[in-house]
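Chemist: If you read the protein sequences in the order shown, they are chains Z and C.
According to the working numbering, the first sequence is numbered sequentially starting from 36.
According to the working numbering, the second sequence is numbered sequentially starting from 36.
Ideal placement from N, C-alpha and C gives every residue a C-beta, glycine not left out.
Number of protein chains: 2
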Amino acid sequence: MAKGEQTRSRLLDAFEDLVIEHGERAGTLAATADEAGVSKGGLLYHFGSKDALVQGLAERLEVFAAEEERRLSSLPDVLEVFLRESVAANQPFDRTYLALLKLGQLDEHHAAREALARLDDHFLAALTQALGDPDLALLVLRVSDGIYVRTALGGSDALPADSVDRLLALLATLPR
Amino acid sequence: MAKGEQTRSRLLDAFEDLVIEHGERAGTLAATADEAGVSKGGLLYHFGSKDALVQGLAERLEVFAAEEERRLSSLPDVLEVFLRESVAANQPFDRTYLALLKLGQLDEHHAAREALARLDDHFLAALTQALGDPDLALLVLRVSDGIYVRTALGGSDALPADSVDRLLALLATLPR
DNA sequence: GTCTATACTGAGATAGAC
DNA sequence: GTCTATCTCAGTATAGAC
Numbered sequence: 036m037a038k039g040e041q042t043r044s045r046l047l048d049a050f051e052d053l054v055i056e057h058g059e060r061a062g063t064l065a066a067t068a069d070e071a072g073v074s075k076g077g078l079l080y081h082f083g084s085k086d087a088l089v090q091g092l093a094e095r096l097e098v099f100a101a102e103e104e105r106r107l108s109s110l111p112d113v114l115e116v117f118l119r120e121s122v123a124a125n126q127p128f129d130r131t132y133l134a135l136l137k138l139g140q141l142d143e144h145h146a147a148r149e150a151l152a153r154l155d156d157h158f159l160a161a162l163t164q165a166l167g168d169p170d171l172a173l174l175v176l177r178v179s180d181g182i183y184v185r186t187a188l189g190g191s192d193a194l195p196a197d198s199v200d201r202l203l204a205l206l207a208t209l210p211r
Numbered sequence: 036m037a038k039g040e041q042t043r044s045r046l047l048d049a050f051e052d053l054v055i056e057h058g059e060r061a062g063t064l065a066a067t068a069d070e071a072g073v074s075k076g077g078l079l080y081h082f083g084s085k086d087a088l089v090q091g092l093a094e095r096l097e098v099f100a101a102e103e104e105r106r107l108s109s110l111p112d113v114l115e116v117f118l119r120e121s122v123a124a125n126q127p128f129d130r131t132y133l134a135l136l137k138l139g140q141l142d143e144h145h146a147a148r149e150a151l152a153r154l155d156d157h158f159l160a161a162l163t164q165a166l167g168d169p170d171l172a173l174l175v176l177r178v179s180d181g182i183y184v185r186t187a188l189g190g191s192d193a194l195p196a197d198s199v200d201r202l203l204a205l206l207a208t209l210p211r
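(1) Pop quiz: residue 25 of chain Z and residue 163 of chain Z are said to be a contact at Cβ under 8 Å. What is the actual Cβ separation, rounded to whole angstroms?
(2) Suppose you measure from the CA of residue 110 of chain C to the CA of residue 168 of chain C; what does that come to, to the nearest Å?
(3) Any heavy atom of the ligand FAD inside 7 Å of the beta-carbon of residue 144 of chain Z?
(4) Taking 8 Å as the CB-CB limit, is residue 89 of chain Z close to chain C?
(5) Do you know how far the Cα of residue 38 of chain Z is from the Cα of residue 79 of chain C?
(6) Closer than 9 Å, Cβ to Cβ, to anything on chain Z: give me those residues from the segment 159-188 of chain C, in chain order.
(7) Looking at chain C, is there any beta carbon in it that lies within less than 8 Å of the beta carbon of residue 96 of chain Z?
(8) Listing by chain order, which chain C residues have their CB less than 9 Å from the CB of residue 142 of chain Z?
(9) Is residue 58 of chain C closer than 8 Å to residue 141 of chain Z when the C-beta atoms are compared?
(10) Quick check: is the beta carbon of residue 137 of chain Z nearer than 8 Å to any beta carbon in chain C?
(11) Compare the C-beta of residue 148 of chain C against all C-beta atoms of chain Z and say whether one is closer than 8 Å.
(12) I'd like to know whether the C-beta of residue 134 of chain Z is nearer than 8 Å to at least one C-beta of chain C.
(13) Measure the C-alpha to C-alpha separation of residue 205 of chain Z and residue 156 of chain Z and round it to an integer number of angstroms.
(14) Is there a Cβ from chain C that is less than 8 Å from the Cβ of residue 67 of chain Z?
(15) To the nearest angstrom, report how far apart residue 170 of chain Z and residue 84 of chain C are at their CA atoms.
(16) Around the C-beta of residue 77 of chain C, are 16 or more other C-beta atoms found within 10 angstroms, so that it is buried, or is it exposed?
(17) So, is the C-beta of residue 201 of chain C closer than 8 Å to a C-beta in chain Z?
(18) What three-state label does DSSP hand residue 147 of chain Z in the structure shown?
(19) With 16 other CB atoms within 10 Å as the buried threshold, where does residue 208 of chain C fall?
(20) Taking CB distances under 8 Å as the criterion, tell me whether residue 152 of chain C reaches chain Z.
(21) Residue 105 of chain Z: buried (16+ other C-beta within 10 angstroms of its C-beta) or exposed?
(22) Starting from residue 53 of chain Z, trace the alpha helix (DSSP H) in both directions and tell me its first and last residue.
(23) Report the rounded CA-to-CA distance for residue 88 of chain Z versus residue 107 of chain C, giving the unit in angstroms.
(24) Apart from the five residues on each side of it in sequence, which residues of its chain come closer than 6 Å, Cβ to Cβ, to residue 146 of chain C?
(25) Within 8 Å (strictly less), CB to CB, does residue 198 of chain C reach chain Z?
(26) Compare the beta carbon distance of residue 178 of chain C and residue 73 of chain Z with 8 Å and say whether it is the shorter of the two.
(27) Taking 8 Å as the threshold (C-beta atoms), are residue 131 of chain C and residue 188 of chain C in contact?
(28) Do you know how far the Cα of residue 82 of chain C is from the Cα of residue 100 of chain C?
(29) So residue 209 of chain C contacts chain Z; which residues on that side make the cut at Cβ distance below 8 Å?
(30) Specify the secondary structure class of residue 164 of chain C as computed by DSSP and reduced to three states.
(31) Distance check for residue 143 of chain Z and residue 56 of chain C, CA to CA, integer angstroms please.
(32) Classify residue 126 of chain C as helix, strand or coil using the three-state DSSP reduction.
(33) Candidates Z/152, Z/118, Z/148: which alpha carbon is nearest residue 174 of chain C's?
(34) Ends of the alpha helix (DSSP H) at residue 109 of chain Z?
(35) Tell me which residue opens and which closes the alpha helix (DSSP H) that residue 189 of chain C is part of.
(36) Write down the C-beta distance between residue 65 of chain C and residue 49 of chain C rounded to the nearest angstrom, noting that I regard them as a contact closer than 8 Å.
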């Protein structure tokens, strides 16, 4: 990886971390640059504005999502994996998703909302195909979003360890 | 209602509207005061700080939630009503919930997150009793949250009109 | 490719008049 | 109980050195 690419990636990581850990207000240019070990000017060389930073995350989501989808399509129990990872929320994909979910709440971060909407469409199609039922697919997506928000809101204790197991057991009783 | 109470309520309405319609960044003291037809100084007489404004919404949620719960407990199909109203998102309760959901994404709005957590506990207990199954109750709550976030993100077209019907039909097939 | 210095803006909040 | 004026601070962004 070229040095420039590396710095860009470090900056996105830093931004992501700050937003997830301390909310979007904490993801200032100064704090992000600091966390990534560059100066504000350094950051602005790579991402010309705050908006470009969000756009960077949005693009990262697309890349991760493509990998994720490839991985999911080769697995036997898609539903299981999909929901279980909504709760882990610590895989690269989950972190990017979570950060964008928070950013998307603010009007100005249009790029975040667009990326999330595209991903939703995409996963809806993929899950529909994998599960054989568009309604079940939609249900799973909404539950997954519900879990992500609670994670975004509450930290870890929002989700008792076995609750996903129980939700999965319940969903397994649904017709396929 | 005393005049002071009326102004307070108007200010909360204004704040809520701004946050829902244009994100938390738009809910500035100036804009809120303006929308409510008072000056910044006027607002700060009623709510001594931004935090107090959020706290005000949190308290409003508790009031609405109590009414909501009383209403729900007297209905035959709780699940139906509960989910259908997650999508309407335009009843007073829904608007307050939605605004706090957005505010809660920001670290500094601790009061918003606390109110949402309390409400979640509360509704989990109530739904568990009404539906006779804690897992189903949890599932419904998470789906509901999922619907709220998408509403928060996407506006209206995020939810095809009949999608809630289909989700309900699916959930109805689950054991009670 | 990265840094320092600095301009500009808008937010929250205080003081005190009416 | 509400208004105007003003202070302070932090955030984005620019310019230009290295």
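Modeler: In terms of the structure at hand:
(1) What the structure shows of chain Z is the stretch from 36 to 211, and residue 25 of chain Z is not part of that stretch, so it cannot be assessed.
(2) Residue 110 of chain C sits at position 75 when you count from the first residue of the second sequence. Residue 168 of chain C sits at position 133 when you count from the first residue of the second sequence. Going by the C-alpha atoms only, they are around 17 Å apart.
(3) Summarising the ligand content, the structure contains no ligands, and the ligand FAD is consequently not present.
(4) Walking along the first sequence from the start, residue 89 of chain Z turns up at place 54. False, the Cβ-Cβ gap to chain C never drops below 8 Å.
(5) For the purposes of this step, residue 79 of chain C is identified with residue 44 of the second sequence, where counting begins at 1. For the purposes of this step, residue 38 of chain Z is identified with residue 3 of the first sequence, where counting begins at 1. When the Cα atoms are used, residue 79 of chain C and residue 38 of chain Z turn out to be separated by approximately 50 Å.
(6) From the segment 159-188 of chain C, only 168, 169, 170, 171, 173, 174, 176, 177, 178, 179, 180, 181, 182, 183, 184, 185, 187, 188 have a Cβ closer than 9 Å to chain Z.
(7) Within the first sequence, numbered from 1, the residue matching residue 96 of chain Z stands at position 61. Cβ-Cβ to chain C under 8 Å: no for residue 96 of chain Z.
(8) Here residue 142 of chain Z corresponds to residue number 107 of the first sequence, with the count starting at 1. Within chain C, the residues near residue 142 of chain Z are 56, 57, 58, 59, 60, 61.
(9) Position 106 of the first sequence holds residue 141 of chain Z. Position 23 of the second sequence holds residue 58 of chain C. For the 8 Å CB-CB criterion, residue 141 of chain Z and residue 58 of chain C form a contact.
(10) The residue you call residue 137 of chain Z lines up with position 102 of the first sequence. At least one C-beta of chain C is nearer than 8 Å to the C-beta of residue 137 of chain Z.
(11) Mapped onto the second sequence, residue 148 of chain C falls at position 113. Output row for residue 148 of chain C: interface = yes.
(12) As a working note, residue 134 of chain Z is residue 99 in the first sequence. Answer no: the Cβ-Cβ gap between residue 134 of chain Z and chain C never drops below 8 Å.
(13) In the first sequence, residue 205 of chain Z corresponds to position 170, counting from 1. In the first sequence, residue 156 of chain Z corresponds to position 121, counting from 1. Residue 205 of chain Z and residue 156 of chain Z: Cα-Cα distance of roughly 25 Å.
(14) Taking the first residue of the first sequence as position 1, residue 67 of chain Z is located at position 32. Output row for residue 67 of chain Z: interface = no.
(15) Within the first sequence, numbered from 1, the residue matching residue 170 of chain Z stands at position 135. Within the second sequence, numbered from 1, the residue matching residue 84 of chain C stands at position 49. Distance between residue 170 of chain Z and residue 84 of chain C, taken at the CA atoms: about 45 Å.
(16) Reading the second sequence from its first residue, position 42 is the one you call residue 77 of chain C. Exposed: under 16 other Cβ atoms inside 10 Å.
(17) Your numbering for residue 201 of chain C matches position 166 in the second sequence. For residue 201 of chain C, the answer is yes, since a Cβ of chain Z falls inside 8 Å of its Cβ.
(18) Walking along the first sequence from the start, residue 147 of chain Z turns up at place 112. In this structure, DSSP gives residue 147 of chain Z a helical state, which the three-state scheme calls helix.
(19) On the second sequence, residue 208 of chain C is found 173 positions in, with the first residue counted as 1. Exposed, because fewer than 16 other Cβ atoms sit within 10 Å of the Cβ of residue 208 of chain C.
(20) Residue 152 of chain C sits at position 117 when you count from the first residue of the second sequence. Answer yes: the Cβ-Cβ gap between residue 152 of chain C and chain Z drops below 8 Å somewhere.
(21) By 1-based counting over the first sequence, the position of residue 105 of chain Z is 70. With fewer than 16 other Cβ atoms inside 10 Å of its own Cβ, residue 105 of chain Z counts as exposed.
(22) By one-based count along the first sequence, residue 53 of chain Z stands at place 18. Per DSSP, residue 53 of chain Z belongs to the alpha helix (DSSP H) from 38-57.
(23) Within the first sequence, residue 88 of chain Z is the residue found at index 53, counting from 1. Within the second sequence, residue 107 of chain C is the residue found at index 72, counting from 1. About 45 Å.
(24) As a position in the second sequence, residue 146 of chain C is number 111, starting the count at 1. The residues are 89, 90, 93.
(25) Here residue 198 of chain C corresponds to residue number 163 of the second sequence, with the count starting at 1. Yes, residue 198 of chain C lies at the interface with chain Z (some Cβ there is under 8 Å from its Cβ).
(26) Along the second sequence, one-based indexing puts residue 178 of chain C at 143. Along the first sequence, one-based indexing puts residue 73 of chain Z at 38. Taking a C-beta distance under 8 Å as the contact criterion, residue 178 of chain C and residue 73 of chain Z do not qualify as a contact pair.
(27) Along the second sequence, read from residue 1 onward, the residue named residue 188 of chain C stands at position 153. Along the second sequence, read from residue 1 onward, the residue named residue 131 of chain C stands at position 96. Inclusion of residue 188 of chain C and residue 131 of chain C in the CB contact set at 8 Å is not warranted, their separation being larger than that value.
(28) For this step, residue 100 of chain C is matched to residue 65 along the second sequence. For this step, residue 82 of chain C is matched to residue 47 along the second sequence. When rounded, the distance between both Cα atoms is 22 Å.
(29) Translated into the one-based positions of the second sequence, residue 209 of chain C becomes position 174. Chain Z residues near residue 209 of chain C: 205, 208, 209.
(30) Sequence index remark: in the second sequence, residue 164 of chain C carries index 129 (1-based). Note: residue 164 of chain C maps to helix in three-state DSSP.
(31) One-based indexing of the second sequence puts residue 56 of chain C at position 21. One-based indexing of the first sequence puts residue 143 of chain Z at position 108. When rounded, the separation of the alpha-carbon atoms in residue 56 of chain C and residue 143 of chain Z is 12 Å.
(32) Position 91 of the second sequence holds residue 126 of chain C. Of the three classes helix, strand and coil, the one that applies to residue 126 of chain C here is coil, per DSSP.
(33) Sequence index remark: in the second sequence, residue 174 of chain C carries index 139 (1-based). It is Z/118.
(34) By 1-based counting over the first sequence, the position of residue 109 of chain Z is 74. Element bounds for residue 109 of chain Z: n/a, residue is neither H nor E.
(35) Position 154 of the second sequence, counted from the first residue, corresponds to residue 189 of chain C. Counting along the chain, residue 189 of chain C sits inside the alpha helix (DSSP H) bounded by residues 169-189.
(36) Locating residue 65 of chain C in the second sequence gives position 30, where the first residue counts as 1. Locating residue 49 of chain C in the second sequence gives position 14, where the first residue counts as 1. Contact flag wrong, Cβ pair sits at about 11 Å.
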